[in-house]
Amino acid sequence: MAAPIPRYDYDLLVIGAGSGGVRAARVAAGHGAKVAIVEEYRIGGTCVIRGCVPKKLLVYGAHFAEDLEDAKRFGWEVQGTKFDWVTLRDNVLNEVARLSGLYSQTLQNHKVEIIQQRAVVTGPHSVRIDKREITATTILIATGARPDVPVCEGSEFGITSNEAFHLEKIPRRIAIAGSGYIANEFAGIFNEFGAKVTMICRSDRILRGYDEQIRDRLLQISMSKGIIFRFDAPIEKILRQANGTLSVQLKNGDAVDCDLLMFATGRVPNTDGLGLESAGVAIDEQRAVKVDADSRSTCPSIYAVGDVTNRVQLTPVAIREGQAFADTVFGNKPTRVDYNCIPSAVFSHPPLAGVGMTESEARNKLGSVKVYTSDFRAMKNVLANRDERALYKIVVDDISGKLVGAHMIGPDAPEILQMVAVAVKAGMTKAQLDECVAIHPTMAEELVLMK
Ligand SMILES: Cc1cc2nc3c(=O)[nH]c(=O)nc-3n(C[C@H](O)[C@H](O)[C@H](O)COP(=O)(O)OP(=O)(O)OC[C@H]3O[C@@H](n4cnc5c(N)ncnc54)[C@H](O)[C@@H]3O)c2cc1C
Numbered sequence: 489m490a491a492p493i494p495r496y497d498y499d500l501l502v503i504g505a506g507s508g509g510v511r512a513a514r515v516a517a518g519h520g521a522k523v524a525i526v527e528e529y530r531i532g533g534t535c536v537i538r539g540c541v542p543k544k545l546l547v548y549g550a551h552f553a554e555d556l557e558d559a560k561r562f563g564w565e566v567q568g569t570k571f572d573w574v575t576l577r578d579n580v581l582n583e584v585a586r587l588s589g590l591y592s593q594t595l596q597n598h599k600v601e602i603i604q605q606r607a608v609v610t611g612p613h614s615v616r617i618d619k620r621e622i623t624a625t626t627i628l629i630a631t632g633a634r635p636d637v638p639v640c641e642g643s644e645f646g647i648t649s650n651e652a653f654h655l656e657k658i659p660r661r662i663a664i665a666g667s668g669y670i671a672n673e674f675a676g677i678f679n680e681f682g683a684k685v686t687m688i689c690r691s692d693r694i695l696r697g698y699d700e701q702i703r704d705r706l707l708q709i710s711m712s713k714g715i716i717f718r719f720d721a722p723i724e725k726i727l728r729q730a731n732g733t734l735s736v737q738l739k740n741g742d743a744v745d746c747d748l749l750m751f752a753t754g755r756v757p758n759t760d761g762l763g764l765e766s767a768g769v770a771i772d773e774q775r776a777v778k779v780d781a782d783s784r785s786t787c788p789s790i791y792a793v794g795d796v797t798n799r800v801q802l803t804p805v806a807i808r809e810g811q812a813f814a815d816t817v818f819g820n821k822p823t824r825v826d827y828n829c830i831p832s833a834v835f836s837h838p839p840l841a842g843v844g845m846t847e848s849e850a851r852n853k854l855g856s857v858k859v860y861t862s863d864f865r866a867m868k869n870v871l872a873n874r875d876e877r878a879l880y881k882i883v884v885d886d887i888s889g890k891l892v893g894a895h896m897i898g899p900d901a902p903e904i905l906q907m908v909a910v911a912v913k914a915g916m917t918k919a920q921l922d923e924c925v926a927i928h929p930t931m932a933e934e935l936v937l938m939k
């Protein structure tokens, strides 16, 4: 008897080769599915090409400004130092290209077909790529998100994080519109590289969602490093001056003059022009694909993972969603992502990180909480004469004694918090934390010594 003719070209067609899409494609192929992945830009997506990875490399590069200054106090004679942006930029871009190549290699090793084109959905099982149509039993939307630039006169004069990695030079004065993690990270980076940074914040605070005391500490330190903050300052319009510089006009009548304006004003899911309506895939008011707990959209054969679903816009979350989707649909291993206690970090100067409930959230939700803090100057900063204090905070449910949140700012805070997050996630108690003997001398030991 002749083999049955397959109904569709592929078992799975993934749109978007970023964190979520690549993981889903690779794992589904590992489970034996015939998979193709379509990518309109570069393999690796936002994280690898213009997000976490190049950003973190710039953070490292920026930190040398302080390290070189501090080195003198540690006996090093450092002469004639000079920062060359183009060298750093090109080394970072080369590293990004290397990683993108590795991602392609991994996909190919798993026999995933890579199609470098833009894809548009044309039905529950079909996608248009260039002029041809291809079909699949299941389609996964993993198209991520893009910078959301406010609509105002002159907004076309501003750049976003996408362009920040490709600048020809570091501007003398940069204005950064936004107050979230990307805005604060780039403020630190540009400030360390010697630019005069002004943050233009629409509201009266930075880093909504993070613990208030930790945010305040970053604000104080950032200001002491020379970053200017303009709060409650929505932008009215942007004017280009005759000499090529920009004047950012604020609604309160003030203006910020700068050589470069960067918008870090949020990210919007990539669903525009994706043809989702042709398959009955519903989107919400933020333009995110609506999905259930298994990442299935309102069309039964179409799923969505990662930033395009606007659940938690972080790489490790997109990866988990991609993995859970592939295991559930192709691996006969139903898996759901647990969104409770997702740790996150801001790679500012200094960095901060948090997991679980902030102090005020815990007070609102639990009523009776105990808060332990350690406010200290890292040993290295003391010798360096750097007046910059770290702050660690642990939030404990008073009734059960369980850790419900941990928040910190200071050198290496994200590295340290990753392990504290395990304790919070595991529901450990403060007493159990205290039972652990400190490693001395470290900063992290503060966590087991809080009284
Ligand atoms: C500056 C910056 C810094 C960040 N830093 C961090 C960090 O430190 N830690 C962290 O966890 N997260 C960070 N993020 C967020 C992180 O990058 C995203 O959460 C993650 O990349 C989401 O993965 P994804 O698979 O959903 O989408 P993406 O990685 O964005 O991938 C989507 C892909 O789909 C492609 N695509 C879109 N539409 C189509 C189409 N129609 N056809 C074909 N291809 C298409 C896009 O080109 C893209 O490659 C950062 C983001 C930015 C912008």
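Residue numbers (this note's numbering): 489 to 939.
Beta carbons: idealized from backbone N, C-alpha and C, even for Gly.
Run of the alpha helix (DSSP H) containing residue i, from where it starts to where it stops
{"i": "C540", "result": "540 to 559"}
{"i": "R620", "result": "Where R620 is concerned, there is no enclosing alpha helix (DSSP H), although the beta strand (DSSP E) it sits in stretches over 620 to 629."}
{"i": "T575", "result": "573 to 597"}
{"i": "I943", "result": "Nothing about residue 943 can be read from this structure; the chain reaches only from 489 to 939."}
{"i": "M867", "result": "867 to 871"}
{"i": "D922", "result": "918 to 923"}
Neighbourhood of residue i by C-beta, 8 Å cutoff - its chain only, sequence neighbours within 5 removed
{"i": "H551", "result": "E680, H837"}
{"i": "P929", "result": "M867"}
{"i": "D499", "result": "A516, A521, K522, V523, A624, T625, T626, F818"}
{"i": "T569", "result": "L556"}
{"i": "N582", "result": "none"}
{"i": "I927", "result": "E933"}
{"i": "E621", "result": "T610, S614, V615"}
Own chain, CB closer than 7 Å to residue i, minus 5 neighbours either side, in chain order
{"i": "A911", "result": "L891, L921"}
{"i": "S588", "result": "R530, I531, G532, V536, I537"}
{"i": "D699", "result": "G842, T846, E847, K881, H895"}
{"i": "T686", "result": "A663, I716, R718, V744, C746"}
{"i": "R851", "result": "V857"}
Exposure label - residue i; buried when at least 16 CB within 10 Å
{"i": "M931", "result": "buried"}
{"i": "V923", "result": "Note on identity: in this sequence residue 923 is Glu, with Val being the wrong assignment. The residue in question, E923, is exposed, as its Cβ has fewer than 16 Cβ neighbours within 10 Å."}
{"i": "G855", "result": "exposed"}
{"i": "A901", "result": "buried"}
{"i": "H613", "result": "buried"}
{"i": "A730", "result": "exposed"}
{"i": "V925", "result": "exposed"}
{"i": "I887", "result": "exposed"}
{"i": "K853", "result": "exposed"}
{"i": "F562", "result": "exposed"}
{"i": "V884", "result": "buried"}
{"i": "D572", "result": "exposed"}
{"i": "G871", "result": "Checking the sequence shown, residue 871 turns out to be Leu, not Gly. Exposed."}
{"i": "K619", "result": "exposed"}
Bridge partner(s) assigned by DSSP for residue i
{"i": "P757", "result": "A633"}
{"i": "G768", "result": "None, per the DSSP bridge assignment."}
{"i": "E809", "result": "In DSSP, E809 forms no bridge with anything."}
{"i": "S614", "result": "G611, T623"}
{"i": "G893", "result": "G844, V883"}
{"i": "K725", "result": "E641, Q737"}
{"i": "F717", "result": "M687"}
{"i": "D745", "result": "S735"}
Close Cβ partners of residue i (< 6 Å) along its chain, the five nearest in sequence each way excluded
{"i": "K739", "result": "P722, E724"}
{"i": "Q737", "result": "E724, K725, A743"}
{"i": "E773", "result": "none"}
{"i": "N650", "result": "R538"}
{"i": "R511", "result": "I807, G810, Q811"}
N-terminal and C-terminal residue of the beta strand (DSSP E) that residue i is part of
{"i": "V510", "result": "Per DSSP, V510 belongs to no beta strand (DSSP E); it is in the alpha helix (DSSP H), 507 to 518."}
{"i": "S832", "result": "832 to 834"}
{"i": "G842", "result": "840 to 844"}
{"i": "E601", "result": "601 to 603"}
{"i": "M750", "result": "748 to 751"}
{"i": "Q774", "result": "From DSSP, Q774 is part of no beta strand (DSSP E); its letter is neither H nor E."}
{"i": "M687", "result": "684 to 688"}
{"i": "L500", "result": "498 to 503"}
{"i": "Y860", "result": "857 to 864"}
{"i": "I658", "result": "First-last for I658: undefined, no H or E at that position."}
{"i": "I790", "result": "790 to 792"}
{"i": "I670", "result": "Unbroken run through I670 is the alpha helix (DSSP H), 669 to 680; no beta strand (DSSP E)."}
Cβ of residue i within 7 Å of any chain C Cβ
{"i": "A505", "result": "The structure shown contains no chain C, having only a single protein chain."}
Cβ-heavy atom distance, residue i to ligand 2, below 6 Å
{"i": "D578", "result": "Ligands displayed in this structure: ligand 1; ligand 2 is not among them."}
Taking contact to mean 3 or more Cβ pairs, one atom from each stretch, closer than 8 Å, check whether the segment 792 to 801 and the segment 772 to 784 are in contact.
yes
Does the contact criterion of 3 or more C-beta pairs under 8 Å hold for the segment 825 to 843 versus the segment 546 to 565?
yes
Evaluate contact between the segment 663 to 673 and the segment 555 to 569, counting only Cβ atoms and requiring at least three cross-stretch pairs below 8 Å.
no
Stretch-stretch touch, CB-based, cutoff 8 Å, three pairs: the segment 794 to 808 with the segment 636 to 650:
no
Inspect the CB distances between the segment 750 to 769 and the segment 629 to 637 and report whether three or more fall short of 8 Å.
yes
Do the segment 572 to 586 and the segment 706 to 714 meet, that is, are 3 or more Cβ pairs less than 8 Å apart?
no
Cβ contact check for the segment 582 to 599 and the segment 753 to 772: 3 or more pairs under 8 Å:
no
Can at least three beta-carbon pairs, one atom from the segment 599 to 609 and one from the segment 760 to 769, be found at a separation below 8 Å?
yes
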